[in-house]
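Trainee: Residue numbering for the sequence shown follows numbering that gives the first Met the number 0, beginning at 0 and increasing consecutively. We put the CB at the ideal spot given by N, CA and C, even for glycine. All figures in this text were calculated on a predicted structure; none of them were measured in a lab.
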Amino acid sequence: MFQQTQTYDFLYIQRVAQAKFAHMITSIIRATNLKKIYQVGETQVNALDGLDVEIERGAYIALMGPSGSGKSTLMNVLGCLDTPTSGVYILNGNDVSSLSDDKLAEIRNKEIGFVFQTFNLLPRYTALENVALPMIYAGIPYTYRISRAEKVLQKVGLGDRMDHRPNELSGGQRQRVAVARALVMNPSIILADEPTGNLDSVTSDGIMQLFSEINKDGNTVIVVTHEEDIAAHAEKTIRLKDGKLA
Ligand code: ADP
Ligand code: MG
0 MFQQTQTYDF LYIQRVAQAK FAHMITSIIR ATNLKKIYQV GETQVNALDG LDVEIERGAY
60 IALMGPSGSG KSTLMNVLGC LDTPTSGVYI LNGNDVSSLS DDKLAEIRNK EIGFVFQTFN
120 LLPRYTALEN VALPMIYAGI PYTYRISRAE KVLQKVGLGD RMDHRPNELS GGQRQRVAVA
180 RALVMNPSII LADEPTGNLD SVTSDGIMQL FSEINKDGNT VIVVTHEEDI AAHAEKTIRL
240 KDGKLA
């Protein structure tokens, strides 16, 4: 009897360990009971209200929901720009729920590539310099930075625009530079918060095509949008409402 119980316990522990290990391999993101509470004067805003999210490595996800539903808040937490008020966030097998700002910045530089609605390029820098910038922060040598930045700009179709400054590029081209900058450190995840919000529909389609190609190369991509036809480019849609899954 005693023997049996011991065997059972051992198998149980082994199963739990295996399940944990399997998750670390397949899930790039595992977030459990995420809450983000903002206190504004007397009012408490539950921007994330006990959210569970699990995303497989190599997925292409559209994140949708009405304005104010918590999409940007979730992107900021998943992208390690901000920490949740409570809950557990496992990124690529590491618990990043409550790291210091310095540690978070380090993880962000290595694991996350961001693309924003407003491109957020440095206006005085060329496309090449903008794309090379994250590698300066990472301490990568000059010659490697240049050749890597050139390669990624070619990948996004801007091989002939590398010396242009942002104001010498169209909106779609600026966003391609931003995508190249997001890719340059070879991150685990590309997070894009309404990347087509400032673009016309044809240009938007081109950017979403580009995300599809990047995804086919094996990158995990999460794109926030409020347009169904933009979301249709992704493999799967996650919907938010009032800080919860809808
Ligand atoms: P979405 O991106 O879906 O439009 P957000 O994540 O930006 O939504 O916002 C979710 C909720 O949290 C909204 O009610 C918003 O007003 C509130 N919120 C977002 N950021 C802050 C902040 N820094 N301080 C206070 N409230 C915020
Ligand atoms: Mg938003």
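CB residue 194 to CB residue 183, shorter than 9 angstroms?
Mentor: As a working note, residue 194 is residue 195 in the sequence shown. As a working note, residue 183 is residue 184 in the sequence shown. Result no, Cβ atoms of residue 194 and residue 183 do not sit closer than 9 angstroms.
Trainee: Tell me the DSSP secondary structure of residue 183 in three-state form.
Mentor: By one-based count along the sequence shown, residue 183 stands at place 184. In this structure, residue 183 counts as coil in the three-state DSSP scheme.
Trainee: Would you kindly report the start and end of the unbroken alpha helix (DSSP H) that includes residue 106?
Mentor: Here residue 106 is taken as the residue at index 107 of the sequence shown, counted from 1. Its alpha helix (DSSP H) spans residues 100-110.
Trainee: Quick one: using the 10 Å Cβ neighbour count with 16 as the cut-off for buried, is residue 3 buried or exposed?
Mentor: Walking along the sequence shown from the start, residue 3 turns up at place 4. With a pLDDT of 49 at residue 3, under the threshold of 50, the predicted position of this residue should be treated as unreliable, and no value is reported.
Trainee: Below 9 angstroms between beta carbons: does that hold for residue 72 and residue 103?
Mentor: The residue given as residue 72 occupies position 73 in the sequence shown. The residue given as residue 103 occupies position 104 in the sequence shown. No; because the gap between Cβ atoms is not below 9 angstroms, this pair is not in contact.
Trainee: Check each residue's C-beta against every heavy atom of ligand 1 and list, in chain order, those closer than 6 angstroms.
Mentor: Chain-ordered list of matching residues: 37, 39, 44, 46, 64, 66, 67, 68, 69, 70, 71 and 72.
Trainee: For residue 70, which residues of its own chain have a beta-carbon under 7 angstroms away from its beta-carbon, when the five flanking residues on both sides are left out?
Mentor: As a first step, residue 70 is located in the sequence shown; it is residue number 71 there, counting from the start. Once the five neighbours on either side are set aside, the close Cβ partners of residue 70 are 62, 64, 223 and 239.
Trainee: Given the structure, does residue 223 come close to ligand 2, in the sense that its CB is under 8 angstroms from one of the ligand's heavy atoms?
Mentor: Counting from 1 along the sequence shown, the entry for residue 223 is found at position 224. Yes; taking the cut-off as 8 angstroms, the Cβ of residue 223 has a heavy atom of ligand 2 nearer than that.
Trainee: Restricting to Cα atoms, I'd like to know which of 37, 83 and 208 is closest to residue 171.
Mentor: By 1-based counting over the sequence shown, the position of residue 171 is 172. Here the closest residue by C-alpha is 208.
Trainee: To the nearest angstrom, how far is it from the Cα of residue 32 to the Cα of residue 38?
Mentor: Sequence index remark: in the sequence shown, residue 32 carries index 33 (1-based). Sequence index remark: in the sequence shown, residue 38 carries index 39 (1-based). Distance between the alpha carbons of residue 32 and residue 38: 19 angstroms.
Trainee: Express the C-alpha separation of residue 44 and residue 210 in angstroms, rounding to a whole number.
Mentor: The sequence position of residue 210 within the sequence shown is 211, counting from 1. The sequence position of residue 44 within the sequence shown is 45, counting from 1. So the two alpha carbons sit approximately 33 angstroms from each other.
Trainee: Report the three-state DSSP secondary structure of residue 116 (helix, strand or coil).
Mentor: Residue numbering aside, residue 116 sits at position 117 when the sequence shown is read from its first letter. In this structure, residue 116 counts as coil in the three-state DSSP scheme.
Trainee: What does the alpha-carbon distance come out to for the pair residue 176 and residue 112?
Mentor: The count along the sequence shown starts at 1 and reaches residue 176 at position 177. The count along the sequence shown starts at 1 and reaches residue 112 at position 113. Their Cα atoms are separated by approximately 12 angstroms.
Trainee: Measuring only from the beta carbon, is residue 193 closer than 8 angstroms to any heavy atom that is part of ligand 2?
Mentor: Here residue 193 refers to the residue found at position 194 of the sequence shown. True, at least one ligand heavy atom lies under 8 angstroms from that Cβ.
Trainee: Contact defined as beta carbons within less than 8 angstroms: I believe residue 26 pairs with residue 56. What is the distance between those atoms, to the nearest angstrom?
Mentor: As a working mapping, residue 26 is identified with position 27 in the sequence shown. As a working mapping, residue 56 is identified with position 57 in the sequence shown. That pair is a contact at about 7 angstroms.
Trainee: Give every residue of the same chain whose Cβ lies closer than 6 angstroms to the Cβ of residue 242, excluding the five residues on either side of it in the sequence, and list them in chain order.
Mentor: Walking along the sequence shown from the start, residue 242 turns up at place 243. Excluding sequence neighbours, residue 242 sits near 45, 46, 47, 48 and 69.
Trainee: Alpha carbons only, please: which of 245, 244 and 198 is nearest the one belonging to residue 117?
Mentor: On the sequence shown, position 118 is the one that residue 117 refers to. Comparing Cα-Cα distances from residue 117 to each of 245, 244 and 198, the minimum goes to 198.
Trainee: What are the residues that DSSP puts in a beta bridge with residue 88?
Mentor: Numbered from 1 along the sequence shown, position 89 holds the residue referred to as residue 88. Residue 88 pairs with 30.
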